[in-house]
Amino acid sequence: MKAAPTDRDPDTIAAIATPPGRGGIGIVRVSGAARRVEAIVSGVVGRTLEPRVATYATFRGTLGEPIDRGLAILFAAPASTTGETVAEFQGHGSPAAMRLVLARCLELGARLAEPGEFTKRAFINGKLDLAQAESVADLIDAASATAARAAARSLAGEFSREVRAIVDAVTELRMFTEATLDFPDEDIEFVRASDASGRLARLRASLDALLARAATGARLNAGLAVVLVGRPNVGKSSLMNRLARDDVAIVAAVPGTTRDTVERAVEIGGIPLTVVDTAGLRATGDTVERLGIARTWAAVERADLALVLVDARESGDGLHDEDRAILAELPAGLPHIVVHNKADLAGREPRTDRGAGTGARAHVWLSALTGAGVDLLEGEVLSIAGVDSAGEDAFIARERHLAALHAAAARLRAAAELLALDRPPLELYAEELREAQNALASITGAFTADDLLGVIFSRFCIGK
Ligand SMILES: Nc1nc2c(ncn2[C@@H]2O[C@H](COP(=O)(O)OP(=O)(O)OP(=O)(O)O)[C@@H](O)[C@H]2O)c(=O)[nH]1
Ligand SMILES: [Mg+2]
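Last residue of the sequence shown: number 748 in my numbering, and the count goes up by one each step with no gaps.
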């Protein structure tokens, strides 16, 4: 005889796991202690299920009335996504029927799952580490095929494995050091003999490589914000429409046409970008235009990359004094490309020049009107995003991961500086190593505060 459910069992949770609205199939998912989930299954389909065997059954309501027909599947703990016993009712994708199945599960003792709660349980039960759990949400949210592949790599644990390899190397270094702290006379010789500085240098190099891949992944995840700026009438809105392959912004021969910033999510070469068209920059007495120009500068502040449009018909180095003034106003360190538009009118062939020595990453001659040369610009944008080819081995990563990797890198740098001293203060050195290890461990969740877990999982959708 099975034991009765106890208060120490985790709550049984239930949710509609498929997206809101009508669909080909709709799935209600339940997770919890075996006997409670089994009780819900027999309440809904009127029979017991053999684990992992899809069983065609009628789903029934409180009075035994049929709600839907479909497949019921039981996954016995621990071989399930959450590590608990999980049941899935796969019906016809009618929102009304799914709500009735869900209501029946709640009536039978489940409670509604919070966002991300299934994945959180998978983390708690050791099915996924924290970085993998986060990549579940990133995979769902992936805005492009490249981002989806990067998330899938993280979900498969590649990112976590590399982080753990570095944690192991730090641990090994700590062992050498801490073992000798009690013997102050011999310690320094011992640390030197173990080639601590060589090991530390190699460790820092692999951390830097990991950081580069994670930084690319973070860009894939968040998408790059690209702002179009320039004098009125240079063709910013025309270029916006080209990049978006859609009629997003009003184009007119009248300078000062665009009054407000217009944003559009665009995918270039598998990379999600947010392109922002802005009001042309000029001195003006028009109040609305001035407000628009203030918004242009605000958009520039938020951007990762600026495309500064100029008229290709300008002679000399191709810049007007006002173009130069705009370039000088860009925030220091903001990468930018100078786009010489209207090349068709100037009688210029589309081309790219990377060596102009103007502080711009590149100059590109193109025509937003005919589209000639727009592909050259897209190539430059992707190479600045650092994801032209690197995207293919990126891990999806979040700001949280980058911050932890940077913190660890800073600790290791400090450790290397201490070790290079004539008489290295080994306690401080060991402390830096320990802090580096903690920072890295927070990525996979080995040392992560509960409140952080709450923040991470609350950003998931319900049913995940
Ligand atoms: N021949 C030619 N005309 C262009 C090109 N790009 C834009 N134009 C024309 O230039 C005029 C201004 O284009 P817009 O795209 O509205 O310029 P804008 O920079 O957004 O202007 P504001 O919104 O006023 O700041 C329109 O008549 C466009 O058709 C180009 O590459 N070649
Ligand atoms: Mg415009």
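Virtual Cβ for every residue (Gly too), placed ideally from N, Cα, C.
Quick caveat: nothing in here was measured; it's all calculated off a predicted structure.
Does ligand 1 have a heavy atom nearer than 6 angstroms to the CB of T580? The answer is no for T580.
Tell me where the alpha helix (DSSP H) around S315 begins and ends. Premise fails: S315 lies in the beta strand (DSSP E), 310–316, not in any alpha helix (DSSP H).
Would P709 be called buried (16 or more neighbouring beta carbons within 10 Å of its own) or exposed? With a 10 Å radius around the Cβ and a threshold of 16 neighbouring Cβ atoms, P709 comes out exposed.
When you measure from the CB of T542 to every non-hydrogen atom of ligand 2, does any distance come out below 6 angstroms? Under cutoff, so the answer is yes.
The region 521–529 contacting the region 712–719, beta-carbon criterion three pairs below 8 angstroms: Result no; under three Cβ-Cβ pairs closer than 8 angstroms.
Contact under 7 angstroms by Cβ, L650 with P634: Going by C-beta atoms, L650 is nearer than 7 angstroms to P634.
Could you tell me whether any non-hydrogen atom of ligand 2 is closer than 6 angstroms to the CB of S521? Under cutoff, so the answer is yes.
Is the region 332–341 touching the region 313–320 in the sense that three or more CB pairs, one from each, lie closer than 8 angstroms? Touching, no, given that fewer than three Cβ pairs across the two stretches are closer than 8 angstroms.
Just to confirm the assignment, what range does the beta strand (DSSP E) spanning N625 have? Segment 620–625, the beta strand (DSSP E) holding N625.
In terms of alpha-carbon separation, which member of A502, V511, R488 lies closest to I555? The residue with the shortest Cα to Cα distance from I555 is A502.
Alpha carbon to alpha carbon, how far is A431 from I450? Rounded to the nearest angstrom, the gap between the Cα atoms of A431 and I450 is 24 angstroms.
Rounded separation between A587 and D561 - CA only: If you take the alpha carbons of A587 and D561, they lie about 12 angstroms apart.
By the DSSP assignment, the beta strand (DSSP E) with P556 in it spans what residues? Counting along the chain, the beta strand (DSSP E) containing P556 begins and ends at 555–561.
Quick one: Cα of G262 to Cα of L593, how far? Outside the modelled stretch of the chain, which goes from 285 to 748, sits residue 262, for which no answer is possible.
Is there at least one non-hydrogen atom of ligand 1 closer than 6 angstroms to the beta-carbon of D628? Because some heavy atom of ligand 1 lies under 6 angstroms away, the Cβ of D628 counts as near it: yes.
With H314 and I300 assumed to form a contact (beta carbons below 8 angstroms), what rounded beta-carbon distance in angstroms separates them? In the sequence as presented, His is not what sits at residue 314; that position holds Val. Incorrect: roughly 11 angstroms between the Cβ atoms, too far for contact.
According to DSSP, what are the bridge partners of P350? In the DSSP output, where bridge partners are listed per residue, P350 has R344.
Under the criterion of a Cβ to heavy atom distance below 6 angstroms, does L565 qualify as lining ligand 1? No - ligand 1 has no heavy atom lying nearer than 6 angstroms to the Cβ of L565.
Kindly indicate the opening and closing residues of the alpha helix (DSSP H) around L504. Counting along the chain, the alpha helix (DSSP H) containing L504 begins and ends at 480–506.
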